[in-house]
Amino acid sequence: MADVGCAGILVADMFCGPMQDLPREGQLLAIDAIEPGAGGCSANVAIGLAKQGFAVDLVGCVGTDSSAQSLLRSLEDDHVGCEHVAATDLYPTSKTVILVVEGQDRRYIHMFGSNKAFTIGHIDRDWVAGLKLFYLGGLLALPAIDMDELRELLEFCRQQQVVTVVDVVVPQDFQVAEVMKPLLPEIDYFLPNDDEAAQITGQTDPLQQLRELSGYGANTAIITLGEKGAVAVRDGKCWQIGAYSVDCVDPSGSGDAFTGGIIAGVLRGLDMPGMLRYASAFGACATRALGTTGGLLSVAGTEAFIAEHPMEIDSRPL
């Protein structure tokens, strides 16, 4: 029986780099690594949880192509349960090529593919009822998700005492506030980044974003701020943590690793300061290797990192 069910975006990733520069037109650039692997919010979080020793199942959509077989093999090698992953013949498996250039933000070439087919109907309620925690990754970038059906599922989770964690990927020019406001009261932990929170709230200051999200009915909201750390709110109290400093190779997996750290903190019964320290450390360590999950640590490894790198957390009324 799984502790956690992860649902949402599944992608066959191909990481290229790191490289000093992109090749010029007509140039052949030789690099040290081109690494295939599992990607997408739900896959990354699931792998991170499995590496921490939690039993985790995955639900999502892949195609019927060879990329699907490779993706599922990779996930199973990382001890992620895949029996609830559906195959669709409507689209090929989603793929992303990630170009990693030293000193620059990542560049993505993406084919959306099979994620277009994923619906709430793929999520079995008997399976959900047996979980401790349900995570939905990449909401708003899953076009077949019906928001009324999602709200009913979140209500069902609450009835079954299954903790819910949701993050979003916000398409450009998407009217996100209208969609999220009715859902926020049903979500136990809502985890946007500051850009996504700005699109939802219309505010650019993270503390104002927290106030707006609380006003919309959010139970616990945690906003990641990149190199500035993270802020959180629950029951009118705010916490703020900085970012751990590490030798960054590839930041691709840091956000999903942070989410995995929050989920681990919930399952381990950590308080909010402990949860933020743990998630921030787990997310920082994810950046030390190429790809989204190669740098992840075990629970013991993450706790050792925290002990070696003391981090203060500011708390105050919001």
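So my numbering is basically just the index in the sequence shown, starting at one, shifted up by 56.
Heads up, the beta-carbon is just placed ideally off N, CA and C, and yes, glycines get one too.
Small disclaimer: the values here were computed from a predicted structure and weren't measured.
Looking at residue i: is its Cβ nearer than 8 Å to the Cβ of residue j?
i: Gly104; j: Ser130; result: no
i: Thr149; j: Ala99; result: no
i: Cys97; j: Leu114; result: no
i: Asp202; j: Ile176; result: yes
i: Gln255; j: Val232; result: yes
i: Asp370; j: Gln264; result: no
i: Pro314; j: Ala277; result: Reading off the sequence, residue 314 comes out as Phe, not Pro. No, these two residues do not count as a Cβ contact at 8 Å.
i: Thr257; j: Leu239; result: no
i: Ile243; j: Val101; result: no
i: Gly339; j: Gly357; result: no
i: Arg181; j: Phe212; result: yes
i: Thr280; j: Asp261; result: no
i: Leu192; j: Leu266; result: no
i: Ala106; j: Val136; result: yes
Apart from the five residues on each side of it in sequence, which residues of its chain come closer than 8 Å, Cβ to Cβ, to residue i?
i: Val227; result: Correcting the residue identity first, residue 227 is Pro in this sequence and not Val. If we look at Pro227 and ignore the five residues flanking it on each side, its Cβ neighbours are Leu196 and Ala197.
i: Leu346; result: Phe71, Gly73, Pro74, Ala89, Glu91, Val156, Val305 and Asp306
i: Met167; result: Pro148, Ser150, Lys151 and Thr152
i: Gly330; result: Gly321
i: Glu132; result: Cys138
i: Ser126; result: Ala68 and Pro92
Could you round the C-beta distance between residue i and residue j to whole angstroms and report it? I think they count as a contact, below 8 Å.
i: Gly119; j: Thr144; result: 6 Å
i: Ala58; j: Leu210; result: That pair is no contact at about 18 Å.
i: Gly194; j: Ile65; result: 4 Å
i: Ile165; j: Ala63; result: Not quite, the Cβ-Cβ distance comes to about 25 Å (not below 8 Å), so this is no contact.
i: Val302; j: Arg344; result: 6 Å
i: Tyr300; j: Ala342; result: Contact doesn't hold; Cβ gap of about 11 Å is too wide.
i: Val355; j: Gln108; result: 5 Å
i: Cys294; j: Arg372; result: 6 Å
By Cβ distance below 6 Å, which residues in the same chain neighbour residue i in space, the five residues on each side in sequence not counted?
i: Glu158; result: Pro74 and Gln76
i: Ala185; result: Gln216
i: Gly298; result: Gly285
i: Leu206; result: Ile176
i: Gly61; result: Asp113, Leu187 and Phe190
i: Glu283; result: Ala299
i: Ala274; result: Leu240 and Phe246
i: Lys237; result: Tyr272
Keeping to the same chain, check which residues put their C-beta closer than 7 Å to that of residue i; ignore five residues upstream and five downstream.
i: Lys172; result: Tyr147, Pro199 and Ala200
i: Leu323; result: Asp59, Phe110, Lys188 and Leu189
i: Ala124; result: Val118, Ala143 and Thr149
i: Ala360; result: none
i: Pro248; result: Asp223, Val224, Ile256 and Ile279
i: Met328; result: Ala288, Arg290 and Trp295
i: Ala86; result: none
Within 7 Å: the Cβ of residue i and any heavy atom of the ligand MN?
i: Leu78; result: You won't find the ligand MN in this model; it holds no ligand whatsoever.
- Taking only runs that begin and end inside the stretch 189-227, name each unbroken beta strand (DSSP E) of 3 or more residues, in chain order. 189-195 and 219-224
- Message: Counting beta carbon pairs with one atom in the stretch 345-360 and one in the stretch 298-309, are three or more of them shorter than 8 Å?
- Response: yes
- Is the number of C-beta pairs between the stretch 286-303 and the stretch 213-227 that are closer than 8 Å three or more? no
- Message: Ignoring anything shorter than 4 residues, give me the alpha helix (DSSP H) runs that lie fully in the stretch 97-169, in order along the chain.
- Response: 97-107 and 122-133
- Task: Run through the stretch 253-339 for me and flag every whole beta strand (DSSP E) of 3 or more residues, listed as ranges in chain order.
- Result: 276-280, 286-290 and 293-297
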